[in-house]
Structure formats: structure tokens, C-alpha cells
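S.K.: Pasting in a structure now, in C-alpha cells, and then I'll have a few things to ask.
Number of protein chains: 4
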Amino acid sequence: MNSELQRPIRPAKITDGMTVSQLTDSLKDCAFGAGRLWEAVDIYREMVSDRECTKFFGLAGAMVPAGMRQIVSDLIRDREIDILVTTGANLVHDIIESLGLHHYKGTDATDDVELKHNSINRIYDVFLPEEHFSRLEETLQPMFRELPQKLSISGFLAHIGGKLEDENSILRSAYDMGVPVYCPAIQDSIIGLQAWLYKQAKPLEVDVFSDMKGLIDRCYEAKRAGVLIVGGGVPKNFILQSMLVTPKSFDYAIQLTLDRPETGGLSGATLDEARSWGKVGENARSVTVYSDATITLPIIIAAAKSGQTKSF
Amino acid sequence: MNSELQRPIRPAKITDGMTVSQLTDSLKDCAFGAGRLWEAVDIYREMVSDRECTKFFGLAGAMVPAGMRQIVSDLIRDREIDILVTTGANLVHDIIESLGLHHYKGTDATDDVELKHNSINRIYDVFLPEEHFSRLEETLQPMFRELPQKLSISGFLAHIGGKLEDENSILRSAYDMGVPVYCPAIQDSIIGLQAWLYKQAKPLEVDVFSDMKGLIDRCYEAKRAGVLIVGGGVPKNFILQSMLVTPKSFDYAIQLTLDRPETGGLSGATLDEARSWGKVGENARSVTVYSDATITLPIIIAAAKSGQTKSF
Amino acid sequence: MNSELQRPIRPAKITDGMTVSQLTDSLKDCAFGAGRLWEAVDIYREMVSDRECTKFFGLAGAMVPAGMRQIVSDLIRDREIDILVTTGANLVHDIIESLGLHHYKGTDATDDVELKHNSINRIYDVFLPEEHFSRLEETLQPMFRELPQKLSISGFLAHIGGKLEDENSILRSAYDMGVPVYCPAIQDSIIGLQAWLYKQAKPLEVDVFSDMKGLIDRCYEAKRAGVLIVGGGVPKNFILQSMLVTPKSFDYAIQLTLDRPETGGLSGATLDEARSWGKVGENARSVTVYSDATITLPIIIAAAKSGQTKSF
Amino acid sequence: MNSELQRPIRPAKITDGMTVSQLTDSLKDCAFGAGRLWEAVDIYREMVSDRECTKFFGLAGAMVPAGMRQIVSDLIRDREIDILVTTGANLVHDIIESLGLHHYKGTDATDDVELKHNSINRIYDVFLPEEHFSRLEETLQPMFRELPQKLSISGFLAHIGGKLEDENSILRSAYDMGVPVYCPAIQDSIIGLQAWLYKQAKPLEVDVFSDMKGLIDRCYEAKRAGVLIVGGGVPKNFILQSMLVTPKSFDYAIQLTLDRPETGGLSGATLDEARSWGKVGENARSVTVYSDATITLPIIIAAAKSGQTKSF
């Protein structure tokens, strides 16, 4: 028989009370998103059980406001993330929640001018009282005063992380576990605006390029490397490009995104494209799941946590 | 406190061996796709436990080749589908699998001209040997000979369903359970090409509009009505428009799709838009989950099957 | 030099008062959507200047409400469309406009329940007074009475087209020019609801499969064949599948869509996938432009109308 | 008549040799993407003719490799951009082209491992010889040596811009015209890797937050402010957030993107969402065109350049 026709599609079967792991196992021989989801679970399982693999995690999109914060901080504490690259927004919202302040479930079908009049900021269907940012300011400005005058972005973030008391905080968890947090466009966030405010009066020098060395050293040292990319954006590229100056490349790569390849942007670029650059290895396992990451991230982590269901 | 700020986002938490139902419950107070997925599960649970609700199911996209066939036929046998509207393609592939023939896991990164030379047809990452269509022809042509000369599309499909021996077949399950299968563009499929072939020699008259009556009668009779729309396309509109000539409207509506509203097409139209037409009721519960349906359909069905996890 | 590196990207240059044709020519050596748009123009020019090419046109999406009606009817009258395949919705809205009734510019940021109370139906950012459908009914019911009792869908539509007095009507233009209009899911539209109403009292038999012969015969007879697909949906597949039973395949194929391949649906499938089926030829020229078709269709037609700007 | 029904849709009409401006004018009373494109042209015309408006330009995505470089540098020289915010990738590729090196038209349907073996890097359908990056290194390293030891990112980029000899360069044009170029995640690019290399041997301190002051000062000073956002990403947010600490907001805002709102990411967020934050003004004119920006950017600039066609 034709060599292309070796793996029959076997329909998924739903059973009462099935676990997440049983569900994804049931998608093993399905196609489209279902098959890719299984593949992502399978790669993720292999990656986290590979003790010699350095595990990178790219976190873009407003994942903290959406409710993904605990998953990320648990992954850090469970040593499933060795290096975190994220956006300023996720860190701002992490700090806000660390202060005991909430985001709220709202709706995207709303009158934004009216929200403005009520001092509510919207992030799709999440509402955030504007006054939270005053609390953020009251928190950050005193922290800034204790900073060394010169530091790197990851040093700057570790300083903040060490001051937060919430153990569920991403920044605090990273601080506790010695996981570096890289955030190349940190100024593109309310943290940036707070730093601008601070710098009106006091000196603060955070170097743009200082973090490159630590990141690239980790790439050089990695026996094997894997990455789980949530969203795309700067975290995706910053992680992948760090391999360019090493003789290595990523051995495992998973992307969860709804961005599309056809616009040519890096966020939506296929992981195969990254092979042409040598960012992802020729023989690496990789998969992109084109679906909402707030759905696929919890599934993959839950499925992987339970291990493979042998009896299935 | 501001009335818009009543429901704090509560982060999802992943635990060992959690069930699908526990996972979706954990997304209850999340936002974006995660929150919408929970909403879909919640609406679906309410809909299937509403004994006076007539349950419509719209199935577009190549869901059968992707491995979603068993889920749909189980839903029919579990009486969670009262009326099925689908595409010719799903039925063609259902019949093929009913003959014991397989679809195969392939890849979208391939040389399609080479596939052509190997007589393999591709549906994204599914491969299908061209010879399956010869088997389909050998199956359908004799069936056609036993058809009454005049009939409706649903009658035509019930005739085929009754002849299939595979209990996992969608058409056979619908036949067994007395569930009508509507397929407005049946000619837009290999079944259409087989009918063309048959009509070269023998008369066959399948009326375009005959199914309207049965469908609309069911809408009139329905005490309440709910719909789960997978994909979009003709099944979505055909189901929703059937309410237009009744004084009623859908009480529950869920759509699983990656189509987008901005192009103005009906597939991607919001369910709110359907309220302006009176297709979906003013007070109906509705949600669209913008994610790959081969992922969200299995999750919703699995979560609903387990009922709500009270202890969570 | 490497054979892959033969065509340098040459940046687009904008000049004062440039024509559409000059603009698309300026995109010739660009990439992503820009390059694909140029390719579409180039294929379209070759296709319409090929006198032995039978030209198919697939029209899905709510293109008439969006304002694309005149473009399509002009293409028919200019003999750039030999065979039209479309959706019931486009025909319903074409008939409405033929009665001198308008669609209106609205907004997608609106309260659909309030629209319902005002008897306004919404199609993304288009508003339509519900009463137009009463006028449609008053128009169609008398027309139906003059129909032969048995006919094909295209015959049914030609009958309506011949009765419309608006020369800008798509149906009327097709009637005048002898262009068959195929609409496989005609019942999935208000026309279908009107036919249901009519059939309560009078017999009307429109056969589902009758149009296959005429369409397939045209495919057999075509020396060469080309297709411009707007959107996707049933029109796309119905056109492409008609080649399956002939020894031929499409020589030119252009698709304008925002649907994406990864969900596995036919609407978003690549035209390369169609090569594995033999619908599009091995050596055919084909391109998909992933952009809003209400933008790309006018550009391509305008650019092609002006011919290639030699002096550019 | 109902107040919602004031503006009839008027179909677009294509004429021989029409200019881009005539085409977009013809879309004025169309809907969906066509109507939004016209709106974008109209807002852009008003914005650039408003002499008291400070004009921001956000450039994300791989627009330079796609062939949009000349358009951007012309806009700078034509004083249609007062402040540019972009990504490291666009600047890297701008510098490469400034050295007389080319990007090449390739294809996305390719074997990336084979490309890797041929030392070709792929960006969707653009190919780039890997050796270009050696030339980039030879160019940047000597430039770095002449840098002051401490500077801001925009200062760093102005230094490079001033050294480039190609007048079509974006960086050079900005330098010539005194337009600041902000690039918050500059380290997320090959420039970042070159800086890492340089810092192995020599000190270089580029401060992350220094650019905030200049940008925010411009926001404070602006009598009115407008922004054209190509893509989304960091440039979008960095521009919009800069208004947060001023009493002002953007008066004109246009976004050209295929990113979607439903994932909750900032790239796809609606400009209405930005009103809830006070980034975009309550009475500002704004529109998002959901289409490939390599198509819509050239059209909008070409249409605006010709002014409104009065005779139309």
C-alpha cells in the first residue's frame, strides 16, 4: 500500500467522566486542530520529561487578565519553565493581581465611551477599574527607589518579583525559583510609564542589551532546548532568535496561536519557516495549534500533568 | 461598587488527573475563549436537559474526515440531536467510512501534484485514496435504483441511511433514530456527481423545496429550540432562517467556528446579528467560541456528558 | 547564484494620480498579499484575454448587500462571466435592489435587540428594513404562478431574471446574456421560504440534480477553463467538483477570501489542495489573495480593465 | 423614516483607466471592508491636511521584506510621518537593503530544511540569503564603535540612520527629516544579536526608558494627534499608551491588520476598546480595515496622494 496511507483516521469517542488526558488521547488519530492538539500534548510530555532539556516559555497576549496567571506560576514552581519571556502587559496585570486587586468579567458588546466615563478600561471582555493603576503606582514608585542605578531588564523584574508577597504571582514565582523573566519591550506597558514618571526625578538606567548574554549563554549550555509559545509577538522571536548565534537549535517547539502565516508577520509564521533560519532544528518535533490559547494552554497542561493514559 | 464590576476573573487551576468537566468548570471565571468555552458548556448542559427543547445540529466543514463522525452519531443515538443539517461532503465521507474504508492522517506540507500522481486526494492534513470513490459509486448506484422516482432530499438521504450497515454511521444512526437529515446543497458533493451519472440513464426527481415544510413544522411545534452550530455555512443559515416564518426564535444557540464577522459573510456573523432578524430570541442564551471546532466540539460534549462537577 | 534567488523584491512606489492598474503593476515584485494581488491581476488578465477559456465565477458572502452588485452584473454584460454560481442570499438581495429598494449603511457596533424592535435586519454593517421582504413576497409569489411545474434551479432563476426590469440586476443581466446561474442551496434563502409558502397551495417541482448535466457539459466542452472565486462556500466547491468527472481541470484559478486553510474546511482550502483532486490542473496558474474580497475584487477588475500599463 | 436608514448602499462601479482615488471614492457607499477602506482614506486625508496634527506611524510585520520600504521612506520625506514606531525586524531589513542587498521573491510552499541547507532564510514567500547577515555585521560593528557610551534607543537608531547612504532607507530618511524612530524591542532583532556581540568586548549602554520622555512630550505638545497603525504589535501599543499620561487622546486613528479581536490580544483589539482607556478620543474618527496591510497601505496612500476626486 501507498506509503502515505499508513495511519487511518480513528474517530474520537467521548465517554462519561473522561479525564482531559483521556480526551486528548482520543484525538490522537484525528486530523485538523484535534490532531495538532494531540501532537502538542505529546511533544509537551516528551519535552518536560526530558531532563536535559532547557524549557523556554513565551507568553504574549493578555493571558493574565484572561485568567491564565495561576497556570503560568504553577508551571514555574513545577519547574516546567526554565526561562520566561513575556510582555509588559502580562507583568503589569500580574502585579495588579498580586496586590489583591481583580480584573472583572465584562463583555465586548459594550459602549466604550460610557466605560471611559465610568473609569473602566476594557480588554476584550475583561473590565479593569482605572483606579487599579493608582494602586500600581503607589506600589512601584517606592520599589523603584530601592533599585540599583544600573541594571538589566531581567534584574529590574527580579527586583519587583522579590518584593511581591503573592505566591501565585508569576514574577514572585520566577523570583523564588530563580527563573529569569525577559521582557524586551518592558517600556511598552504601564511599567514603562511608571519608569518615565520616576525618571523625571531620579536616575534609573536599565540597559536594553544586557539580557542578551544571559539568554544566549543558556542557549549555548542547553543540551537540548524546547519552547512553548503562547500567542506570538516579541516573546516568540526573542526566544527563537537567541539560537541563531549558537550551533544549536530548538529540539521541541509548540505554538498556540490564532495568528496566520499569510500576512508574513513573525507571530503567525509557521515553525517550519523557523527551520530555514536554523532556529528550530531539522529533526525537531514541532506543531502549531491554531486555536484560542486560553483554551489550548489549559488542556495541554492538564493532559500532560496526568501523564499518558496507558489503559486507553 | 460599579455594576459592571461584579464578577472577578478567577484564574484557572490545573490539577492532576482532572476530568474534562472539571477543566471547563475551572474556566468559568476566565475570559476570552476560555470563558466562552465554559459558557458554551453551560448553555449546552441547559439545552440538553431541557426536555421541551427541540435540538438542532448544524454540521459544516470536513468534520467526518477529521475524526468527528463517532461523536455526531453518538449524539444522535443519545437523543441530543433531533434535527441534523449538514453538507454533502460530510455525508460522502460518512458513507465511505460506513463501507469500512479509511481516511488517513497526512500532512498539509506536501506536493499536491505528486499526490495526484499517486491518486491521493487531500483535505488539509487528511489523505484519501481516489479509489474509495469507485467503491462509493458501486455502493450508491444500486441504491439509487431502488429509490422512488420522486422524493425530498431528506427522504433521499434516509433511503441511503437505511441501507448502510455501519451503526456508527451518521446517516444510519439518523435513520435508526428517526432524525431527519437535511442537506440543502446535496448536489454540491460526490453524491451530486453520482446522481448526475445515474440520471444519464434513469429518471430521478429530488425536489429542492420539499424539505422546507418538515423543517418549518418542527420549528412551529417546538416549545423551545436550541442549536449547536459546528462551522457555519449553509447548515447555519438553513437552521436559523427556518424560524423566520414562525413567531418563535431560538432559545439556545452555540456556534463553534474560526470564521470572522468582519467579512460580512453569514458563516462568521455573530449570533447577536441573528437577534436583529428574530432568528435568535431577545432573551436567548447564545455564545460563539472562536476556536477550531475539532477541539471545542469534543470538549463541550465530554464536559456536558459528565454533568456539572459539584465538588469543584 | 542560487536558483531560488532570481527575483529581487522591488519596493512599491506611489505616485500622484496613479491608476489602479499602475498601482497593481507597482506591486509586481512585492511579496505577501501585495504580490499575490498582482499575481491575481495577471492571471485574470490572461484568463479574460484567452478566447478559448470558459470563465466561471463563484460568488459567496453577502457581496450584493456590500455594494458589489454592479461589478458582477457589468462582468456578465462584458462577457467576463460565462457561468455564475452563487448563494441564495446574493440573489435575494439582488432582487430586492431590482425593485428599487435599498440596503443601508449601518454599523456593527449596535444593539441588535433594538434593531429588532425597529424592524431592521443587520448584515454586519448593513441595515435592511424588514418590510423589504414583504415587497419581495409580493414580487415573487405572482412570478411563481407562471412557472412551469417542473424545472431546474437554473431554469427557476432564469424565469425570475427574465421578469426583473432592472438592467443592473445580476439575475437580469445573466438572463439577457444567456449566462446560467447555478445556486445549489437556493432553498437556504428567503427565496426558499417563499417557495415553501407557495407550495402550501400550489405544486412546484424544482429538481436538485438537473443542473449537474448542463454544468458538466460546459466543463467537457471547455477548451480551457478559468475561475474567479469570491469567498468560498458552496459556489467554490460546486464549480471545482464539476471538473472531477471530466478529463480536464481548471487552467486558471483565483480565490479572494479571508477563510483559512487550517480548519480543514473547503472554503479556506488552498488551490494547491485542489490539484491533488485534479480540480485545478498540474500546470494551472492559481493564486489565493487572503484579504477582504470587497476590497480585492474591485481592484482586480479595475486593474484588468485598464490592461497592463506598458509605460510603467 | 427610521434614523438608522439614512445612507443607502450604492454599488461600486468600475470604469476604464480609473485612478486609485476614483476607485476608493467609488467604494464610499459600500459596506464591509470596502466601506472601511474608503473611511480609512477619508480619515487619512483629513489627518494629513490637518496642519496642527502630529502624525504617528506604527509599523509592525515584515513590511520592508514585503516591499513597503519605499512607501514608508517617501511618507517620511513627504512629512506625513512625524514620529515612527517600528520593530527591530523592519529596521534590520531596511539596513540590509540600504547596503544594496536584496530580498527575493520566493514561495511559502517549500522545503525549509532544504532552504536551510542552501543558507536561505524564509519570511513567508520572501527568501533572504544568510550571507546578508555577514554584510550586516561588517556594517554595524564599525558603526557601534563610534557610538557614545550611553544613549537612548532612538539615539542609537539615529546614529545608524545618519551613517547609511541610501536615501530610500527608512532610517536615513528619518535621520534627514528629524523624525524620531522608536523601537522598544530593538534587542528582539539581529541588531540585538549584533549588540550582544559588540558588548562582549566593548561597553555600550542603551537605556530602555529614555525614549519615554521625548515621546510623551510630543503627545503633550500635540494640538491634535493622529496615527496610522500598520499591523499591530508593540508599535500599536507604544504609540497609544503614550497618551495615557496626558490629558489628550488621539483624534484620528486608522489600523490596517488581519489580527482579530476575539483572542483578547492588543494587536487585534478594536480602536473602540482604546476609547475606554482614553487612548483614542471620544469624538475621534477611527477605523480598522481588516485586510492584508501590504494591499491596503499602498491603496490608502495612493488614494490620499491624489486628493479627493471632485468630478466623481
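Chains as they are written, first to last, in the working numbering: chain A, 1 to 312; chain B, 1001 to 1312; chain C, 2001 to 2312; chain D, 3001 to 3312.
Note that the Cβ used here is the ideal one computed from N, Cα and C, for glycine as well.
Since the model is a prediction, treat every value here as computed from it, not as a measurement.
In chain order, what residues of the same chain have a beta carbon less than 6 Å from the beta carbon of residue 2066 of chain C, not counting five sequence neighbours either side?
M.R.: Numbered from 1 along the third sequence, position 66 holds the residue referred to as residue 2066 of chain C. Counting only Cβ-Cβ distances below 6 Å, and skipping sequence neighbours, we find 2294.
S.K.: Report the three-state DSSP secondary structure of residue 2172 of chain C (helix, strand or coil).
M.R.: Residue mapping note: residue 2172 of chain C aligns to position 172 of the third sequence, counting from 1. Here residue 2172 of chain C sits in helix by DSSP.
S.K.: Residue 1196 of chain B to residue 1092 of chain B, Cα distance in whole Å?
M.R.: On the second sequence, position 196 is the one that residue 1196 of chain B refers to. On the second sequence, position 92 is the one that residue 1092 of chain B refers to. So the two alpha carbons sit approximately 15 Å from each other.
S.K.: Which residue from B:1284, B:1076, B:1129, B:1205 puts its Cα closest to that of residue 1153 of chain B?
M.R.: Working through the second sequence from its first residue, we reach residue 1153 of chain B at position 153. Checked all of B:1284, B:1076, B:1129, B:1205; the closest Cα to residue 1153 of chain B is B:1205.
S.K.: When you compare only the Cα positions, how much space is there between residue 3213 of chain D and residue 2288 of chain C?
M.R.: Translated into the one-based positions of the fourth sequence, residue 3213 of chain D becomes position 213. Translated into the one-based positions of the third sequence, residue 2288 of chain C becomes position 288. For residue 3213 of chain D and residue 2288 of chain C, the distance between alpha carbons rounds to 45 Å.
S.K.: Taking a contact to mean a Cβ-Cβ separation below 8 Å, would you say residue 1247 of chain B touches residue 2187 of chain C in this structure?
M.R.: Here residue 1247 of chain B refers to the residue found at position 247 of the second sequence. Here residue 2187 of chain C refers to the residue found at position 187 of the third sequence. Cβ distance not < 8 Å, so residue 1247 of chain B and residue 2187 of chain C don't count as in contact.
S.K.: Whole angstroms are fine: how far does the CA of residue 2110 of chain C sit from the CA of residue 110 of chain A?
M.R.: The sequence position of residue 110 of chain A within the first sequence is 110, counting from 1. The sequence position of residue 2110 of chain C within the third sequence is 110, counting from 1. Rounded to the nearest angstrom, the two C-alpha atoms are 9 Å apart.
S.K.: Cβ of residue 3258 of chain D less than 8 Å from any chain A Cβ?
M.R.: In the fourth sequence, counting from the first residue as 1, residue 3258 of chain D sits at position 258. For residue 3258 of chain D, the answer is yes, since a Cβ of chain A falls inside 8 Å of its Cβ.
S.K.: If contact means a Cβ-Cβ distance below 7 Å, which residues of the stretch 3120-3133 of chain D contact chain B?
M.R.: So nothing in the stretch comes that close.
S.K.: Just verifying my parser: in three-state terms, what is the DSSP assignment at residue 285 of chain A?
M.R.: Indexing the first sequence from 1 puts residue 285 of chain A at position 285. Strand, per DSSP.
S.K.: Using 8 Å as the Cβ pair cut-off and three pairs as the minimum, do the stretch 3127-3146 of chain D and the stretch 3030-3049 of chain D touch?
M.R.: With a cut-off of 8 Å, the stretch 3030-3049 of chain D and the stretch 3127-3146 of chain D do not count as touching, because too few Cβ pairs lie within range.
S.K.: Quick check: the stretch 1157-1175 of chain B against the stretch 1211-1225 of chain B, are at least 3 beta-carbon pairs closer than 8 Å?
M.R.: Touching, no.
S.K.: Considering only DSSP beta bridges, list what residue 2088 of chain C is partnered with.
M.R.: The residue you call residue 2088 of chain C lines up with position 88 of the third sequence. Paired residues: none, contrary to the question.
S.K.: Does the distance from the CB of residue 125 of chain A to the CB of residue 3273 of chain D come in under 8 Å?
M.R.: The count along the first sequence starts at 1 and reaches residue 125 of chain A at position 125. The count along the fourth sequence starts at 1 and reaches residue 3273 of chain D at position 273. It is not a contact, given that the beta carbons lie outside the stated cut-off.
S.K.: Can you name, in chain order, every residue of its own chain whose Cβ lies under 8 Å from the Cβ of residue 2018 of chain C, other than the five neighbours on each side?
M.R.: Position 18 of the third sequence, counted from the first residue, corresponds to residue 2018 of chain C. Counting only Cβ-Cβ distances below 8 Å, and skipping sequence neighbours, we find 2026.
S.K.: Inspect the beta-carbon positions of residue 3084 of chain D and residue 3227 of chain D and report whether they are closer than 8 Å.
M.R.: Taking the fourth sequence and counting its residues from 1, one reaches residue 3084 of chain D at position 84. Taking the fourth sequence and counting its residues from 1, one reaches residue 3227 of chain D at position 227. No, the Cβ-Cβ distance between residue 3084 of chain D and residue 3227 of chain D is not below 8 Å.
S.K.: Do residue 2150 of chain C and residue 3016 of chain D count as a contact pair if the criterion is CB distance below 8 Å?
M.R.: Against the fourth sequence, residue 3016 of chain D aligns to sequence position 16. Against the third sequence, residue 2150 of chain C aligns to sequence position 150. Contact flag unset, no.
S.K.: Cβ closer than 7 Å: which chain B residues qualify as neighbours of residue 2238 of chain C?
M.R.: For the purposes of this step, residue 2238 of chain C is taken as the residue at position 238 of the third sequence. Simply 1188.
S.K.: At which residue ranges does the stretch 2052-2134 of chain C contain complete alpha helix (DSSP H) runs of 4 or more residues, listed in the order of the chain?
M.R.: Fully enclosed alpha helix (DSSP H) runs of 4 or longer: 2069-2077, 2088-2098, 2112-2117.
S.K.: Find the residues of chain A that neighbour residue 1104 of chain B, judging by a C-beta separation of less than 8 Å, and give them in chain order.
M.R.: As a first step, residue 1104 of chain B must be located in the second sequence, where it is residue number 104. Result: 4, 5, 6, 7, 8, 9.
S.K.: Name the residue from C:2189, C:2245, C:2140 whose alpha carbon lies nearest to the alpha carbon of residue 1189 of chain B.
M.R.: Here residue 1189 of chain B corresponds to residue number 189 of the second sequence, with the count starting at 1. That would be C:2245, whose Cα lies nearest to the Cα of residue 1189 of chain B.
S.K.: So, is residue 302 of chain A buried or exposed, given that buried needs 16 or more other C-beta atoms within 10 angstroms?
M.R.: Counting from one through the first sequence, the residue named residue 302 of chain A turns up at place 302. Buried, because 16 or more other Cβ atoms sit within 10 Å of the Cβ of residue 302 of chain A.
S.K.: According to the neighbour-count rule (16 or more other Cβ atoms, all chains shown, within 10 Å of its Cβ), is residue 3097 of chain D buried or exposed?
M.R.: Position 97 of the fourth sequence, counted from the first residue, corresponds to residue 3097 of chain D. Buried is the call here.
S.K.: Does the Cβ of residue 2 of chain A have 16 or more other Cβ atoms within 10 Å, making it buried, or fewer, making it exposed?
M.R.: Taking the first residue of the first sequence as 1, we reach residue 2 of chain A at position 2. Exposed.
S.K.: Under a three-way DSSP split, which group does residue 3048 of chain D fall into?
M.R.: Translated into positions along the fourth sequence, residue 3048 of chain D becomes position 48. If DSSP states are grouped into helix, strand and coil, residue 3048 of chain D belongs with the helices.
S.K.: Using the beta-carbon of each residue, which ones in chain A are nearer than 8 Å to residue 2263 of chain C?
M.R.: Counting from one through the third sequence, the residue named residue 2263 of chain C turns up at place 263. The contacting residues are 32, 33, 290.
S.K.: Return the CA-CA distance between residue 2008 of chain C and residue 3060 of chain D, expressed in angstroms with no decimal places.
M.R.: Walking along the third sequence from the start, residue 2008 of chain C turns up at place 8. Walking along the fourth sequence from the start, residue 3060 of chain D turns up at place 60. Roughly 22 Å between the two C-alpha positions.
S.K.: Roughly how many angstroms lie between the CA atoms of residue 267 of chain A and residue 3121 of chain D, to the nearest whole one?
M.R.: Residue numbering aside, residue 267 of chain A sits at position 267 when the first sequence is read from its first letter. Residue numbering aside, residue 3121 of chain D sits at position 121 when the fourth sequence is read from its first letter. The alpha-carbon atoms of residue 267 of chain A and residue 3121 of chain D are separated by roughly 16 Å.
S.K.: Alpha carbon to alpha carbon, how far is residue 1299 of chain B from residue 300 of chain A? Give it in angstroms, no decimals.
M.R.: As a first step, residue 300 of chain A must be located in the first sequence, where it is residue number 300. As a first step, residue 1299 of chain B must be located in the second sequence, where it is residue number 299. So the two alpha carbons sit approximately 13 Å from each other.
S.K.: For residue 286 of chain A, which residues of its own chain have a beta-carbon under 6 Å away from its beta-carbon, when the five flanking residues on both sides are left out?
M.R.: In the first sequence, the residue the question calls residue 286 of chain A occupies position 286. Closer than 6 Å at the Cβ level, and outside the excluded window around residue 286 of chain A, lie 253, 271, 280.
S.K.: Can you tell me whether residue 3283 of chain D is buried or exposed? The criterion is at least 16 other CB atoms within 10 Å of its CB, across all chains shown.
M.R.: Stepping through the fourth sequence from its first residue, residue 3283 of chain D is reached at position 283. So residue 3283 of chain D counts as exposed.
S.K.: Anything in chain A within Cβ reach of residue 1068 of chain B, meaning under 8 Å, just list it in chain order.
M.R.: Within the second sequence, residue 1068 of chain B is the residue found at index 68, counting from 1. By Cβ distance, chain A contributes 11, 12, 30, 34.
S.K.: Could you tell me which chain A residues have their CB closer than 7 Å to the CB of residue 3231 of chain D, listed as they occur along the chain?
M.R.: Numbered from its first residue, the fourth sequence carries residue 3231 of chain D at position 231. Correct list: 265.
S.K.: Anything in chain D within Cβ reach of residue 209 of chain A, meaning under 9 Å, just list it in chain order.
M.R.: By 1-based counting over the first sequence, the position of residue 209 of chain A is 209. Those within 9 Å of residue 209 of chain A in chain D are 3186, 3187, 3192, 3195, 3196, 3198, 3199, 3204, 3205, 3206.
S.K.: Using a Cβ cut-off of 8 Å (strictly closer), state whether residue 234 of chain A contacts chain D.
M.R.: For the purposes of this step, residue 234 of chain A is taken as residue 234 along the first sequence, with counting starting at 1. Yes, residue 234 of chain A counts as interfacial toward chain D.
S.K.: Exposed or buried, what is residue 3194 of chain D when buried is set at 16 or more other beta-carbons lying within 10 Å of its beta-carbon?
M.R.: As a first step, residue 3194 of chain D is located in the fourth sequence; it is residue number 194 there, counting from the start. Buried, because 16 or more other Cβ atoms sit within 10 Å of the Cβ of residue 3194 of chain D.
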